[in-house]
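Below: one structure, written as structure tokens.
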Amino acid sequence: MSIDPVAQVAPSAGADKSAGNTAGKDSGHGPSSSGQSATRPQSRHEEEGRRIILVTGMAGAGRSTALKCLEDLGYEAVDNLPLALAPHLLSGLSAASSDVTGERNRPIAIGIDARTRDFTAQAVTDLVAQLRGDRWLDSTLIFMDCEDEILRRRFTETRRRHPLAPDGTVLDGIQQERRLIAPLRLLADLIIDTSDQASGDLKRLLSGRFALDRRSGVAISVVSFSFRRGLPREADLVFDVRFLDNPHYDPVLRPLTGEDEAVGAMIAADPAFATFFPALTDLLLPLLPGYEREGKSYLTVAIGCTGGRHRSVYVARRVAEWLRQRGQDVALTHRDLERL
82 MSIDPVAQVA
92 PSAGADKSAG
102 NTAGKDSGHG
112 PSSSGQSATR
122 PQSRHEEEGR
132 RIILVTGMAG
142 AGRSTALKCL
152 EDLGYEAVDN
162 LPLALAPHLL
172 SGLSAASSDV
182 TGERNRPIAI
192 GIDARTRDFT
202 AQAVTDLVAQ
212 LRGDRWLDST
222 LIFMDCEDEI
232 LRRRFTETRR
242 RHPLAPDGTV
252 LDGIQQERRL
262 IAPLRLLADL
272 IIDTSDQASG
282 DLKRLLSGRF
292 ALDRRSGVAI
302 SVVSFSFRRG
312 LPREADLVFD
322 VRFLDNPHYD
332 PVLRPLTGED
342 EAVGAMIAAD
352 PAFATFFPAL
362 TDLLLPLLPG
372 YEREGKSYLT
382 VAIGCTGGRH
392 RSVYVARRVA
402 EWLRQRGQDV
412 ALTHRDLERL
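Going by our numbering, 127 is the number at position 46 of the sequence shown; the sequence numbering is gapless.
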């Protein structure tokens, strides 16, 4: 995944229909071409309610790993909570009935999937509605997704049976589960597609967006990538920098990356870069406050070149530096660099 990132949601109760949302177009045979959701307006964020994250999605897509990452970030993690017990848990989570300091105010992450006792999509929908209706709680629904073929491969490689098809094929179970939980994908605040994730990407994405010390406002991910490996599924904005001089054709620079000073110097010396980079930042400048006004919590800016090694890495690094200089909360990921 890249982030991602991370890192769309279809219309739902309270959901924001930001530009580029495509989750509602899912065919049921695999995730849509974009993997990140837009989010509901952040009015409850401003009230600093107790943070609750529900993590659901396809078996094998990384739900348990996401819970572990959130636990490492300081969340109390509860996996496969029987839905019949959810009302009892919620009664103790609202700020109206708990202390505002200490363990009772610790943020919580709850894992729910088709194996959860009493699971139905409607029951989870009702739970989400209850959370979103409590002004003392700041809730987020994350849906972990992945392409069907990659899910099949993961189950096959680990010799695990799919929980919904113990006597059938893995693909039968995947298709049955996708139909069962499709309404939750439409309801999600954030869809994380792990189909093309490199190691560590999920942790970086979750840390950038849900770290307890993260500043309020839009959480921005800047991702470099290779066009050969496809667009990042979670990208909101995509910029193609293949027009810049390519260090790949310099035998000295070829084994280096866009993180090396010599590569950066060559790209920065390209007259096209001198024109392009100010234009790029001028474009981003009015977009960021606009996204924040509209309640968008996450923004992924993707920078692509042919191999994902030189030009995109350098430009992504420069964009991240520029954003940080402006006080933005930025996570930088080079999706394809460690795959080379």
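Ideal Cβ positions, reconstructed from N, Cα and C, are used throughout, including at glycine. The structure displayed is predicted, hence computed values, not measured ones.
By the 10 Å Cβ neighbour count, where 16 or more other Cβ atoms means buried, how is residue i classified, buried or exposed?
i, result
"A165", "exposed"
"Y395", "buried"
"A350", "exposed"
"E315", "buried"
"G214", "exposed"
"E419", "exposed"
"E402", "exposed"
"G249", "exposed"
"D363", "exposed"
"T237", "exposed"
"L366", "exposed"
"A167", "buried"
"R416", "buried"
"D270", "buried"
"A397", "buried"
"R422", "Residue 422 is absent from the structure shown; the chain starts at 82 and stops at 421."
"R399", "buried"
"A140", "buried"
"A346", "exposed"
"K106", "In this prediction, K106 has a pLDDT of 33, which is less than 50 and means its spatial position is unreliable; what the coordinates show is noted afterwards. That one is exposed."
Following the continuous alpha helix (DSSP H) through residue i, name the residue where it begins and the one where it ends.
i, result
"E340", "It is not in any alpha helix (DSSP H) - E340 carries neither H nor E in the DSSP assignment."
"F200", "No alpha helix (DSSP H) contains F200, which DSSP labels as neither H nor E."
"S288", "D282 to F291"
"G371", "P352 to R374"
"L232", "D229 to T239"
"A263", "V251 to L268"
Any idea what DSSP makes of residue i, helix, strand or coil?
i, result
"R132", "strand"
"T146", "helix"
"S393", "helix"
"G138", "strand"
"H329", "helix"
"H169", "helix"
"L218", "strand"
"F192", "Going by the sequence as given, residue 192 is Gly instead of Phe. Three-state result, G192: strand."
"V411", "strand"
"G311", "coil"
"V209", "helix"
"D153", "helix"
"V400", "helix"
"A246", "coil"
"V303", "strand"
Please check the pair residue i and residue j, which I expect to be a contact at CB under 8 Å, by giving their CB distance rounded to whole angstroms.
i, j, result
"L293", "L154", "6 Å"
"R266", "D226", "7 Å"
"T414", "S302", "6 Å"
"I310", "T387", "Note on identity: in this sequence residue 310 is Arg, with Ile being the wrong assignment. Going by Cβ atoms, the distance from R310 to T387 rounds to 10 Å, so no, they are not a contact pair."
"A353", "F324", "6 Å"
"I223", "I273", "6 Å"
"A202", "L148", "Not confirmed; about 20 Å, so no contact."
"L212", "S220", "4 Å"
"V304", "Y372", "Actually they do not touch by this definition, with Cβ atoms about 17 Å apart."
"T381", "D317", "5 Å"
Please work out which residues of its chain come closer than 8 Å, Cβ to Cβ, to residue i, disregarding the five sequence neighbours upstream and downstream, and give them in chain order.
i, result
"L312", "S114, F306, V319, A383 and G385"
"T197", "N161, L162, P163 and L164"
"H391", "N327, P328, H329, L334, L337, T338, G339, V344 and I348"
"R144", "V136, T137, G138, G192, D194 and M225"
"S288", "C150, L154 and A412"
At what residues does the beta strand (DSSP E) containing residue i begin and finish?
i, result
"A158", "E157 to D160"
"L318", "L318 to D321"
"D274", "L271 to D274"
"V382", "Y379 to C386"
For residue i, which residues from the same chain have a beta carbon less than 7 Å from its beta carbon, with the 5 sequence-adjacent residues on both sides left out?
i, result
"R242", "none"
"F291", "I134, L151 and L154"
"T146", "L283"
"L245", "A195, G254, Q257 and E258"
"P264", "A202 and T206"
Spell out whether any CB of chain C is found under 8 Å from the CB atom of residue i.
i, result
"F357", "The structure shown contains no chain C, having only a single protein chain."
If I measure Cβ to Cβ from residue i and keep anything under 6 Å in the same chain, skipping five residues before and after, which residues do I get?
i, result
"L261", "A195"
"L369", "none"
"L341", "Correcting the residue type first, residue 341 is Asp in the shown sequence and not Leu. Hits under 6 Å: none found."
"V159", "I191"
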